[in-house]
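Colleague:
Residue numbers (the working numbering), protein chains in the order written: chain B, 4 to 348; chain X, 9 to 378.
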């Protein structure tokens, strides 16, 4: 009795699959006309309001909107995304006629390469990754150099002689932050004890989990660490919150000048400084270049020397050590100090 | 015959009720955000039915389906394998390491990679199985903790100088040579991954083993009532361990479409979280081989059309809300219909018994008087 309907179900499902597999009908590429709609911005996890990395990119696009009078469409990545999701997001933007299409975050590295091939007339850009392609602008930063300066500041400001580093995800990019920070601390005061910890070993959720960062920071504070540098995107807000509850402890922010972030205004008196990554400048540069019909392509490195990365001074908490920081900055710019990109094991 | 018609009506009622409720609720939510829900459905249907969307949806659904199968094997015997996520990731990782280190002809290379993944997944799930059978530790706890252990283990090995190489801002295992790439169906404009064949075969195997073999019977028996199964001679411990291992082996396949058809290595960008999606899909598909296939395709459809909605000005979260509403509606609808069916059955049986008793009573009286 029951065998028949089940068999029928199996057969009909297979037939349905087979039918869809032949993929009849027009494709979405054919049915859309590509006319210039402005800038397409695809964010990494955390989205535009992460007070950090994505927000910096968004600022650049907002500035372009105002100054260059272009429209901007912003799409956000969710957690647990696959390559297909990213390819689709970029494809949709390019297909709809957005130009340039910008992928914010190294996760877009591969998908940009793929999609850029299908849309040779569109300019693509990817932040934090080097991607191949004639119409691709790879925007990379010297995070390790900026972090070195943060290390100098931390070493000079700690009272307990213990400083900490919290990374969102233990990947090559965040290791650059750790490496620079560690070197800056050690070069300033070799006796200091540095604790480096990561929120997640591999999962991108590390950039989107303020609760985890809060716990991590609390743990470090309990161990007497009083200056903590968090390179964890949106998660960083969690550690900054925890640090703000302890008197005399300092947080070092990342990517944006986090002292200036309205969302973090409550904690700003605990934000010593931030390692600013001028994603906004890079994004603006790219949009402008496309508007001027001279699109940037190839690898564009934003280093400390040309202020691609910098140390924020808002709040004035590091005004007393400016000379030391400028000295370190000059040494890096002159090539006297070579900052390592990967931490010592 | 009447019984079967009732059953049929009930079987149709549950999914219908679920779909209608889900549609009503999501429409209300979209309307509450100040947008037009019907235009949203229009956008979704238009975009989702395009040929490249169809291909995309199928490719996306394949790992979902495998993950749902892995979860369902446990669910069928009341075993909550929440660790599919960790199992498939660690399986894919070691399969990628083995695949990257070997350079054999394709017909050996691919089976070796897949087998490595299945064995790794089985071992990882087997740990939870052993702990449950020997020490009585709940598999819910162990599998979820093993997810974190798997993540940390991968994180440890996925570093330069260990098992990975550095490529820009990514770490990934060495690339699997061309011989290890899985075949594809050349559809237009993008190909459909060949792993769909494996998924269909595994689905058929699942259906056959669960419904048509002694093992499957034992498995379902344990799921219904452990003590009853034990009393009738089924070794519950052996069943727990075996199904955990099978579930892990199936989980090992989840990462394979991505590894063999797309990324060819395991890096920081390898997809995570498919194991958890599998739980929702197993619930949605009622642990049924075909039901889960539809559920996986539906999820693929929602994924595909979700970002299109965002482009059309709808809130990005709408699609996740939809997914949640659908799962809730399905679970609740089936439970409601099940209870209703049960009440119906009880009433009918009660009436029959009463009628029988009445008949017996009159017969007896008749007998006495005669």
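Every residue gets a Cβ at the ideal spot worked out from N, C-alpha and C, and that includes glycine.
1) Could you tell me which of X:321, X:330 and X:201 sits nearest to residue 31 (chain X), measuring between CA atoms?
2) Name the DSSP bridge partner or partners of residue 192 (chain X)?
3) Given this structure, state the Cα-to-Cα distance separating residue 105 (chain X) from residue 134 (chain B), to the nearest angstrom.
4) Could you give the distance in angstroms between the alpha-carbon of residue 33 (chain X) and the alpha-carbon of residue 251 (chain B)?
5) For residue 149 (chain B) and residue 58 (chain X), what's the separation of their Cα atoms in angstroms?
6) Please list the segments of the alpha helix (DSSP H) lying wholly inside the stretch 288-325 of chain X, counting only runs of 4 or more residues, in order along the chain.
7) Apart from the five residues just before and just after residue 290 (chain X), which ones in its own chain have a Cβ nearer than 7 Å to its Cβ?
8) Which residues does DSSP list as the beta-bridge partners of residue 45 (chain B)?
9) Could you please give the first and the last residue of the uninterrupted beta strand (DSSP E) stretch that includes residue 178 (chain X)?
10) Does residue 266 (chain X) get closer than 8 Å to chain B when you measure Cβ to Cβ?
11) Does any residue of chain B bring its CB to less than 8 Å from the CB of residue 280 (chain X)?
12) Please list the terminal residues of the continuous alpha helix (DSSP H) segment that includes residue 288 (chain B).
13) What number of angstroms, rounded off, separates the C-alpha of residue 161 (chain X) from the C-alpha of residue 218 (chain B)?
14) Tell me whether residue 200 (chain B) sits in a helix, a strand or coil according to DSSP, three-state version.
15) Assuming residue 331 (chain B) contacts residue 152 (chain B) under a Cβ cut-off of 8 Å, what Cβ separation, rounded to an integer in Å, is found between them?
16) So, helix, strand or coil for residue 232 (chain B), using DSSP?
17) Would you grab the beta carbon distance between residue 78 (chain B) and residue 315 (chain X) for me? Rounded to a whole angstrom, and I think it's under 8 Å.
18) Between which residues of its own chain and residue 334 (chain B) is the CB-CB distance below 8 Å, once the five residues before and five after are set aside?
19) In whole angstroms, what separates the C-alpha of residue 270 (chain B) from that of residue 262 (chain B)?
20) For residue 142 (chain B), which three-state DSSP category applies?
21) Between B:281, B:316, B:211 and B:232, which has its C-alpha nearest residue 308 (chain B)'s C-alpha?
22) To be precise: take each residue of the stretch 122-155 of chain B, compare its Cβ to all Cβ atoms of chain X, and keep it if any distance is under 7 Å. Which residues remain?
23) Which residues in chain X have a C-beta closer than 7 Å to the C-beta of residue 237 (chain B)? List them in chain order.
24) 8 Å is my cut-off, CB to CB: does residue 91 (chain B) come that close to chain X?
25) So what does DSSP say about residue 219 (chain X), is it helix, strand or coil?
26) Run the CB neighbour count on residue 211 (chain B), radius 10 Å, all protein chains shown included, and call it buried at 16 or more, exposed below.
27) Between residue 309 (chain X) and the rest of its own chain, which residues show a CB-CB distance below 6 Å, the 5 nearest in sequence each way excluded?
28) Going along the chain, which unbroken runs of the beta strand (DSSP E) with 3 or more residues stay wholly within the stretch 157-202 of chain B?
29) Using a Cβ-Cβ cut-off of 6 Å (strictly less than) and excluding sequence neighbours within five positions of residue 145 (chain X), which residues of its own chain qualify?
30) Please report the distance separating the alpha-carbon of residue 240 (chain X) from that of residue 219 (chain X).
31) Under the rule that 16 or more other beta-carbon atoms within 10 Å means buried, what is residue 111 (chain B), buried or exposed?
32) Quick one: Cα of residue 95 (chain X) to Cα of residue 190 (chain X), how far?
33) I'd like to check one pair, residue 258 (chain X) with residue 217 (chain X): are the Cβ atoms closer than 8 Å?
34) Buried or exposed: which applies to residue 342 (chain X), given that a residue is buried once 16 or more other Cβ atoms fall within 10 Å of its Cβ?
35) Does the pairing of the stretch 96-110 of chain B with the stretch 42-58 of chain B give three or more beta-carbon distances under 8 Å?
36) Please list the terminal residues of the continuous beta strand (DSSP E) segment that includes residue 305 (chain B).
Modeller: From the atom records:
1) X:330
2) X:201
3) 24 Å
4) Their Cα atoms are separated by approximately 50 Å.
5) 47 Å
6) 297-319
7) 76, 79, 80, 83 and 300
8) B:78 and B:106
9) Boundaries of the beta strand (DSSP E) harbouring residue 178 (chain X): 178-180, taken from the DSSP string.
10) yes
11) yes
12) 282-294
13) 22 Å
14) strand
15) By a beta-carbon distance limit of 8 Å, residue 331 (chain B) contacts residue 152 (chain B). Their separation comes to about 6 Å.
16) In the structure shown, residue 232 (chain B) adopts extended strand secondary structure according to DSSP, grouped into three states.
17) About 6 Å; that satisfies the 8 Å criterion.
18) These residues qualify, in order along the chain: 340.
19) 8 Å
20) strand
21) B:281
22) So the close ones are 131, 132 and 133.
23) What residue 237 (chain B) touches in chain X: nothing, since even the nearest Cβ is about 15 Å away.
24) Among the residues facing chain X, residue 91 (chain B) is included, as its CB has a counterpart in that chain under 8 Å away.
25) Residue state, collapsed to three classes: helix.
26) buried
27) 56 and 65
28) 165-172
29) 139
30) 19 Å
31) buried
32) 21 Å
33) no
34) buried
35) yes
36) 301-305
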